[in-house]
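Its first residue numbered -6, the sequence shown is counted upward by one per residue in our numbering.
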Amino acid sequence: IELYFCILPSSQREIVIKSRKCSNENCEKNCLIVHKSEIKFSLGDNKESQKLVLHKGDTIELDWASKRGNGYRIEENKYCPISGGLYKVEQTSEITTNRALSKGNFTKTFKEFGTSFLFRLTETNQIHDIIVCIIKDNYHIKYIEITDTNIQPNIISIEQNDSIIFQWNTTQKQTIVQIEPFIIDPLNQQSIELKTEGKHFFWPNEPSCRGYMIHKFHETGIFCFKTANNQIGTIIVEPKINIHSFPIFGDQLILKMKTTDLIQFEWKMTDSQDEPILITIDANSSVVPDVAGGLTGIFDCSMHKCVKVEPFFRHHFHTCEAFIINIPQHGLYNFAYSDNRDDVVLSVIVENSIANHRVTYNEQNMFEPHTLVINRYDQVWFNSISTTLTNIYQTDEYGNHLEENKPVFQPQLNSMNCFMQQLRQTGIYYFSNDISSDDEKKSFKAPPLAVIVLPEIRFHYKLIRLSDFDSQTIITTVNDFIIWEFEQIIRFNVIQLRSNETLQDLISCHDRAIPGRNRQCLAVECIMPGTFHFANPEFERVTGSDQDRLISTIIIDPPFSHACFLITDQQFIPNFLCIAQNDTVSWILLNSDQYHRIYVESDEKKREMNEDNRIDRSIEQYVNDVHYLYTFDQCGQYTIRSNRFNETVTVIVYPDDIIRSQKKRTQQPELIEELDIASQYGTKVHLQGPNQDATIYYTLDGTLPTRHYKNVYTYDSNKGISFTESGLHVLRAYATENGKLSSAIFTSSPTFVMENEELEMIKELRAMWNDTKITISAAIHYPNKLYGKIDVEPTNSTDLIDRFELYVDDVAQRVNLSATDVKFSAEGFAGGEQYEIHVVAYPKQNIVDAEPISSNKRAFEIKREIQGGAPLISLAVSNEQSTIFLMWAHIGDHVSEYVVYVDSIETTTILEKDFNDFFGIQFHGAQQTKRYILHVEAKLKNNNEIRKSNIITVNPPLEMPLKEQLIDRYFAYITVNAESPPPDMRLEG
């Protein structure tokens, strides 16, 4: 980099600022040249493993010379988190050798972000040492040099917020000015110069033989500039690549990023006490797109052969304390860092970035591919393979220009002619180039390129936390992702329910839950259209719900389905449609055996329909179930016809301002009554429409009522809507009016409709439940553990019980006991306290409107001291998982001080002047997965005797043991388990 400093008298400062010009004599001799530093290492026979942090584009040079005659060679390896193995990187034309030499050289330029391992191998292929190269940064200034004949480079890619230095030292006078990248001036056929100060970049001075200018690019896109001799350069500014830090042993368990970003796992060698760190992806709990070919397809595992990681490398990986990786495909990736199946995996949610698609074309309008399917906001790059450069136009499906003689791209002389089109609206769009003037070539002109733009892939997030569960139906499209984020660590995967589940199936559905790795989020991919219901025992556990079976419902709508026609053997359904400008209409075949050619004709603007220029695109192979697509970019009235019948339909396209000002959109229907989570057989509800002239269509299975299949019903306000089929249902409805756009679609929350005969059974079960009696007996196991037993009368009522909830001093514990766990233990009571316990029995879900039953209460007291007169310590409840709260009771006036130890290290001393009846010590910031050992020593006054308390081992994070958090009181951290008492223990009521 050449840095020029302008040194001038202060009196000339204002003049220079206004003119933006500095005289040569004030600058030429004040130049500082900054050279790029060399990264070069000389190695000998000693083992010299090390870690290097590099920039993208850096070159590393290694040379070695053995004084002992040993042969070495360098091999670059990368680590694969799928297999947990290493694979060799094939070397390019840089200096390398596959033979072990006593003296050699290795050169490598790193062109991508990530982590590489340079192994120095011996003659017997043993690892001598490892150089870890972490490429995590980029150079934010790049050069463009302008010569008398060309621009070097004439096309360059940078990131957002990077800078370009333009420099020239030529014999001819030069200048630079930004120009329109795709369009030229229609009058003089010259480049359109852009010279708005503060917005565009240009040389602000007179043309000169020597120039130096720097410009920072804050926006993404394609930028072009030209020189004085009409050479054209292109600058592609891509979105900034972010590197997200993800500490392995931090409190964060979920990270969100984009496919263009990188993730840097970080750890300290001292954090893991049990085994070296190794990052792997848990295939069972990760969710990746179905079309990607699984994890091995995403990471190109078929392209390389992984070898098992040697213990030496795993230890070295552990010492790196960082690992950087790019995940090129959207999805949910769960990373494990140890072999312990109980450790929590780290979840990385990767959302998709803007994708780039490329097509090639020639002067005969032949595009490859001829049909392209992309997502909204993706970018299409057009590359000409012809020596003849032609304009590109947006057209209809026959190649007619949408706007007369107004191209979207015009090539410019001396330019790379890089054209990119970003499509920001769903639909189908056509592109064509100039028709050749050669009649022979013109007769062979191919149909235009079709670009089908699907909705962008969205991620829908549902937060599951205490007393908070959103049962509202999630509306998605194909390829979307659903992410459930839990406030607590969970283990079970979701269970997919059938729409015709019986009540008993719904009650027992949690038995189908499959456990997996401990984690904090779950995901599903929306693969095919339909209505899907999911349950999970973690929904109830995390939210603390004890009333209903919580269900998350997902509706996956097919694309282009809100405005559509069904094609029967004789007609289109419906026969009239009003839409907004730029809306896309789809046509769906009811009989797939018949092929229909659809014609869309404007009643005002007749266009030529050259059937030779119309390609049968078989839209269904690109968009499932869709026979034909048309995006109405112009307002007006259109007639739609098929080549198989005479019936036609009309489409009216309104502009947005008319729709708003003249209220051309029908009002959405609403549900009058509330629809409960569970509904009785025959439940009737009613819809409120915009007016009496509107027609309301509805479905009960969650499908779209806009596609008029047999499951679509016309609403009758006199009859209402009756639920006469059992199972899970979702009501969806929309309204239409003549001359107006149809309304938005109303979607209800899911409801479960019970069978008619189930109602009588529920009444009988409710009567049995009301006659049930629960009693509890218990005894203390020294020093602070309780054993209990639950008796149910009559005994057959046990079958009606869903679970028992244990209450300590009327505070509910989070851990529930099953109906068969009638013997249990509770441990962790605080010394010096009096307690009272009881249990509450909750009915199964099928016993509707039944109240929980409470048992008798059992009182007891915990002594302050353990055997030998030492204090009894216990844990107290904290509202933060990373806080350890230690408590104990004062054991008497014979104590002079208490000393608290953590991992045998003295941390806190309490002197006599600070004594209370009870003590509480909080330790904040406890590391997850690290084990802590705590005890307290009491020092006596007279003889300095030390009395050591019981020992407590703590493994954060500490989950909240209570059903609800307490704000204004201390409470012992009590663990509840299904456990039988010792055979000789007598339990009392």
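Note that the Cβ used here is the ideal one computed from N, Cα and C, for glycine as well.
Cβ-based burial, residue i [other Cβ within 10 Å; buried from 16]
i    : result
P304 : exposed
P551 : buried
P321 : exposed
I560 : buried
P2   : exposed
V125 : buried
D964 : In the sequence on display, residue 964 carries Phe and not Asp. The residue is buried, with at least 16 neighbouring Cβ atoms inside 10 Å.
E981 : exposed
Q171 : buried
E7   : exposed
G97  : buried
D371 : buried
N824 : The question names Asn, but residue 824 is Gly in the sequence shown. Per the 10 Å Cβ criterion, buried.
S585 : exposed
I241 : buried
S184 : buried
P975 : exposed
K11  : exposed
Cα-Cα separation, residue i to residue j
i    : j    : result
A58  : Q43  : 18 Å
T20  : I177 : The question names Thr, yet the displayed sequence has Cys at residue 20. Straight-line Cα distance between these residues: approximately 37 Å.
A760 : L288 : 54 Å
I123 : E873 : 42 Å
I75  : H297 : 12 Å
D802 : A882 : 19 Å
A812 : R851 : 20 Å
N970 : A819 : 7 Å
T100 : S35  : 12 Å
N222 : Q165 : 9 Å
K733 : I134 : 55 Å
E69  : K40  : 17 Å
R491 : E718 : 14 Å
M978 : K756 : 41 Å
Y454 : Q224 : 50 Å
S984 : T692 : Because residue 984 is not part of the residues shown, which for the chain are -6 to 982, the question remains open.
H121 : C73  : 21 Å
S635 : V593 : 9 Å
N358 : I157 : 36 Å
Distance between beta carbons of residue j and residue i, contact taken as under 8 Å
i    : j    : result
I272 : V281 : The Cβ separation is near 17 Å, so there is no contact.
Q681 : P662 : 6 Å
Y727 : T707 : That pair is no contact at about 12 Å.
T524 : T495 : Actually they are not in contact, since the Cβ atoms of T524 and T495 sit about 18 Å apart, beyond 8 Å.
M79  : C299 : First, the amino acid is wrong: residue 79 is Leu here, not Met. Indeed, because the Cβ distance is near 6 Å, the residues count as touching under 8 Å.
Q991 : V401 : Since the first residue shown for the chain is -6 and the last is 982, residue 991 is missing from the structure and cannot be characterised.
N529 : I500 : About 15 Å; that fails the 8 Å criterion.
I769 : H831 : 6 Å
L255 : I236 : 5 Å
Span of the beta strand (DSSP E) around residue i
i    : result
P787 : No beta strand (DSSP E) holds P787; DSSP gives it neither H nor E.
R307 : Counting along the chain, R307 falls outside any beta strand (DSSP E), though it belongs to the alpha helix (DSSP H) covering 304 to 313.
R512 : 508 to 518
D155 : Run containing D155: none; DSSP gives neither H nor E here.
V801 : 794 to 801
Y987 : Nothing can be reported for residue 987: it is not among the residues displayed for the chain, which extend from -6 to 982.
H48  : 43 to 49
I174 : The question names Ile, yet the displayed sequence has Pro at residue 174. Start and end: 169 to 177.
Endpoints, the alpha helix (DSSP H) within which residue i is located
i    : result
Q497 : 496 to 500
R987 : Residue numbering for the chain in the displayed model covers -6 to 982; residue 987 lies beyond these limits and cannot be assessed.
I291 : 287 to 291
Within-8 Å CB hit, residue i to chain D
i    : result
N636 : In summary, chain D is missing from the structure at hand, where a single protein chain is found.
| task | Pick out the complete beta strand (DSSP E) segments inside the segment 78 to 147, 3 residues or longer, and give them in chain order. | result | 78 to 81, 96 to 102, 107 to 115, 120 to 131, 134 to 139
| Along the chain, which unbroken stretches of the beta strand (DSSP E) at least 3 residues long are found entirely within the segment 573 to 656? | 577 to 582, 591 to 595, 621 to 624, 629 to 635, 642 to 647
| said: Give the list of continuous beta strand (DSSP E) stretches no shorter than 3 residues that lie fully inside the segment 225 to 255. | reply: 225 to 231, 236 to 240, 247 to 251
| For the segment 719 to 791, which segments carrying the beta strand (DSSP E) assignment without a break, of at least 3 residues, lie completely within its bounds, in sequence order? | 720 to 722, 725 to 729, 744 to 746, 766 to 774, 778 to 786
| Quick one: complete alpha helix (DSSP H) runs, 4+ long, within the segment 371 to 452? | 432 to 436
| Segments assigned beta strand (DSSP E), at least 3 residues, entirely inside the segment 796 to 854 | 804 to 811, 816 to 820, 827 to 836, 851 to 854
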